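In our numbering, the protein residues as written are 3 to 165.
And the structure:
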């Protein structure tokens with residue numbers, strides 16, 4: 003149950019380290035951090051396109067495709083979080099985007115029970131990081147950061163930084 007927090011700590015840190023403008027903005031206006039973290043959670047995939055398997059309980063047609071009761075379907079939060087019918091400019095990171103519910107923690111009966119804890123952990127971690135390390139920056143070019151390639155999880159293997 004700690005996957006989102008574990009992997010998004012590195013993913014969000016990488017994004018902030020490669021967006022010094024965003025780091026400056028959050029330091030200047032720390033009250034923007036919760037909303038910005040929600041947008042980062044929506045925008046950054048920490049799984050590699052893997053859907054969450056579910057079984058259809060009844061026949062349903064979605065976008066002209068018939069899904070029959072008993073069919074296994076994979077609900078990809080990755081595509082849901084980039085749905086242009088729900089999000090304006092869905093492929094852009096917009097820290098000022100109005101908060102719109104996203105699928106990073108699932109939805110409905112399958113919504114992660116730990117979502118409030120994960121969100122709080124991220125807020126504490128990044129508010130502390132931004133406050134205690136005002137000169138924090140990536141110590142290598144972004145292209146030199148190595149990423150996990152051996153599982154479904156997407157995260158940097160290391161983030162060399164300096165301050």
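All C-beta atoms in this analysis are idealised placements derived from N, C-alpha and C, irrespective of residue type, glycine included.
Predicted model only: the values in this text are computed from it and were never measured.
Check: For residue 41, which of helix, strand or coil comes out of DSSP?
Finding: helix
Check: Does the count of Cβ pairs from the stretch 30-43 and the stretch 58-76 closer than 8 angstroms reach three?
Finding: no
Notebook entry, point to check: For the candidate residues 80, 49, 53, whose alpha-carbon lies nearest to that of residue 7?
Noted result: 49
Checklist line | Contacts around residue 36, its chain only, beta-carbon distance under 7 angstroms, and the 5 residues preceding and following it disregarded | finding: 125
Notebook entry, point to check: What residues match up with residue 155 in a beta bridge as DSSP calls it?
Noted result: 49
Check: Which class does residue 35 belong to by DSSP, given the choice of helix, strand or coil?
Finding: helix
Check: Ordered along the chain, which non-local residues of its own chain (more than five positions away) have a Cβ less than 8 angstroms from that of residue 5?
Finding: 48, 155
Note to self: At the level of alpha carbons, what is the spacing between residue 139 and residue 79?
What the structure shows: 30 angstroms
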